[in-house]
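There are 2 protein chains.
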Amino acid sequence: MQSQPTTQTSSHRQAARTARSLPKLASNAFANQIDLMGAPMPFGRNVEIYGENEPAEYVYKVISGTVRTYKVLNDGRRQIGAFYLPGDIFGLEVGDEHSFSAEAIVESKILVVKRSALVSLAARDNEVARQLWTMTAGELQRAQSHIMLLIKTAQERVAGFLLEMAQRSAAASEVDLPMSRQDIADYLGLTIETVSRTLTQLENSAAIAVPTSRRIVLRNRAALSRLNA
Amino acid sequence: MQSQPTTQTSSHRQAARTARSLPKLASNAFANQIDLMGAPMPFGRNVEIYGENEPAEYVYKVISGTVRTYKVLNDGRRQIGAFYLPGDIFGLEVGDEHSFSAEAIVESKILVVKRSALVSLAARDNEVARQLWTMTAGELQRAQSHIMLLIKTAQERVAGFLLEMAQRSAAASEVDLPMSRQDIADYLGLTIETVSRTLTQLENSAAIAVPTSRRIVLRNRAALSRLNA
DNA sequence: GCGCGGCGTTGATGCAGGTCAATCGCAATT
DNA sequence: AATTGCGATTGACCTGCATCAACGCCGCGC
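Chains as they are written, first to last, in the working numbering: chain A, 3 to 231; chain B, 3 to 231.
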């Protein structure tokens, strides 16, 4: 059903020393504040950043590269929960454990921030508390859209995926996919064959062009949106 | 694909006068605090509580009855986001609008609380702020489990649904379903026929018994859990 | 250059679940 | 008791996607 790339576990997890001095008053630029509190770390292709059910000691922000979060069922089926692109924050939990695993899809630089630092900052600073809440709510919205994707047809799922990626990727009508067909399939609840076939269908109907397998040109956004129901 | 019960819109929405005096110091019994801030209101079967994209002025707590939240796609397909049973809180948004619609499934009593009251309380009280965050995180977890359900086979989905309901309903090994087959189907991303057939399969394999259509006896929880992958 | 391995595409076939339709059960009404 | 009406079940058939398998493309190491 899906591959299961040979994930090397990286044993960072004790690195990421915490902040130097942090500004006394909260700026509302939360994301920028995070930047000051963390240490950037490199992760290689297919290297695990954290595992499901591990203690959620850190929060992460993608500097460069791409990250996938996922769960694997007993029988090996893998579901990708989300893709995180540069600027995105992931791994924030309210409970003590990560509910998904996370891996770098390509060579990536990830900012690593101690969760306890954020949480204690939130206790002193309402604005930060609200930002944490807002972030979790954002994840909730993404999960809910994901649910809506999963009840659709293959065409609709793929179209929806492409539009989502286009919207996130610097708004060009050309998308550079950092992930494999297998990753896309496991995100959309399809097989690689169906993803591939659907892309060629969309290409034949002139909705997209696929100059190289990792590059998709949105040629008729209206048609895609129509599919996106 | 799904019914679309004749939803009567109720025009409450301006009712729900806010709190009498509230305790100065936060108790950690957040849910109890909410109880003091809201007004209980009755909603009839299939009556809308709020609509998608409406301003999220209130937060709701089920006193009795059951509520469903849902979205409808262009072509009429309905996806149920969640069922809320007595004690559950729903309709809490961080943004200004509800992202789903909500309806009472059966005659229900719902506590209605002004969101602004909660939010302003949270600004003064870290504990309340944390509880709001925790609630949203809980919703996120439910959405994520829902995603995992939607990639499974029909048997697995139905088994998972029954186990979920059993766990939430006073832990008996007998579940009283307040919702129709259509509601279950729209929650699981299946058709009523498939739900019905799957239940009879499970009955034939002695995993469950179905004395009446709304009552399910979990006869072999291990078998169900095995299906739940 | 050549061979190899990973990724992607394409084709042939199978099957789980959707669709269409008939029937049943049961509660409410007369 | 007969009638109506709605939800649920069951059956027959159809189809969209999965499965199984072959092949193509391309970058990399030798």
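The C-beta atom is built at its ideal place from N, Cα and C for all residues, glycine as well.
Residue i at chain B interface by Cβ criterion, 7 angstroms
i        : result
Val96(A) : yes
Asn48(A) : no
Proximal chain B residues relative to residue i, where beta-carbon distance stays under 7 angstroms
i         : result
Glu1(A)   : Because chain A here runs from 3 to 231, residue 1(A) falls outside it and cannot be looked at.
Lys73(A)  : Met150
Ser227(A) : Under the 7 angstroms cutoff, chain B gives no residues; its nearest Cβ is about 11 angstroms from Ser227(A).
Leu134(A) : Trp135
Residue i - containing alpha helix (DSSP H), residue span
i         : result
Arg223(A) : Arg223 to Leu229
Val160(B) : Ala156 to Arg170
Glu129(B) : Asn128 to Leu152
Met43(A)  : Where Met43(A) is concerned, there is no enclosing alpha helix (DSSP H), although the beta strand (DSSP E) it sits in stretches over Ala41 to Phe45.
Val74(B)  : Val74(B) -> not in any alpha helix (DSSP H); beta strand (DSSP E) instead, spanning Val69 to Val74.
Leu190(B) : Arg183 to Leu190
Arg79(B)  : From DSSP, Arg79(B) is part of no alpha helix (DSSP H); its letter is neither H nor E.
Glu205(B) : Ile194 to Asn206
Partner residues on chain A for residue i, Cβ-Cβ distance less than 8 angstroms
i         : result
Asn76(B)  : Ala231
Ser101(B) : Gln143 and Gln146
Closer than 8 angstroms at the beta carbon, the chain B residues around residue i
i         : result
Ser207(A) : Result: empty, since nearest Cβ-Cβ is about 19 angstroms, beyond 8 angstroms.
Gly191(A) : Leu152 and Ile153
Gly83(A)  : Gln146 and Ile149
Residue i: first and last residue of the uninterrupted beta strand (DSSP E) it sits in
i         : result
Val235(B) : Past the boundaries of the shown model lies residue 235(B); chain B is included only from 3 to 231, so the question cannot be answered.
Ser66(A)  : Tyr60 to Ser66
Asp90(B)  : First-last for Asp90(B): undefined, no H or E at that position.
Thr214(B) : Ile210 to Thr214
Glu176(B) : Glu176 to Asp178
Glu50(A)  : Val49 to Tyr52
Val96(B)  : Segment: none, Val96(B) is in no beta strand (DSSP E) and carries neither H nor E.
Neighbour flag for residue i against chain A, beta carbons, 7 angstroms
i         : result
Ala131(B) : yes
Thr138(B) : yes
Chain-order list of residues whose beta-carbon lies under 8 angstroms from that of residue i (same chain, five-residue window excluded)
i         : result
Pro42(A)  : Ile65, Lys111, Ile112, Leu113 and Val114
Ala33(B)  : Lys63, Gly89 and Ile91
Arg183(A) : Ile194, Val197, Ser198 and Ser215
Asp37(B)  : Lys63 and Leu113
Leu75(B)  : Gln81
Thr138(B) : Leu94 and Val96
Listed by chain order, chain A residues near residue i by CB distance under 9 angstroms
i         : result
Asn128(B) : Ala124, Ala125, Arg126, Asn128 and Ala131
Exposure label - residue i; buried when at least 16 CB within 10 Å
i         : result
Gly97(B)  : exposed
Thr200(B) : buried
Arg70(A)  : buried
Ala106(B) : buried
Glu99(A)  : exposed
Glu158(B) : buried
Glu141(A) : buried
Asp77(B)  : exposed
Ala2(B)   : In the structure displayed, chain B extends from 3 to 231; residue 2(B) sits before or after that span and is not available.
Arg132(A) : buried
Thr233(A) : Residue 233(A) lies beyond the stretch modelled for chain A, which goes from 3 to 231, so this question has no answer here.
Thr202(A) : exposed
Ala145(A) : buried
Cut-off 7 angstroms between Cβ atoms - residues of its own chain near residue i, not counting five sequence neighbours on either side
i         : result
Pro213(A) : Val219
Ala156(B) : Leu192, Thr196 and Thr200
Asn128(A) : none
Leu226(B) : Ala161, Leu164, Leu165, Ala209 and Leu220
Tyr60(A)  : Ala18, Gly93, Val114, Val115, Lys116 and Arg117
Glu205(B) : Ala211 and Val212
Val108(B) : Arg47, Gly67, Thr68 and Pro180
Pro57(A)  : Asp98 and Glu99
Partners in chain B for residue i, counting only beta-carbon separations shorter than 9 angstroms
i         : result
Arg117(A) : The contacting residues do not exist; Arg117(A) stays about 13 angstroms from chain B at best.
Arg79(A)  : Ile153, Lys154 and Ala231
Contacting residues, own chain, Cβ-Cβ under 6 angstroms from residue i (five flanking each side not counted)
i         : result
Pro44(B)  : Lys111
Leu179(B) : Arg216
Val177(B) : Met167, Ala168, Ser171 and Ile218
Ile186(B) : Val197
Asn55(A)  : Glu99
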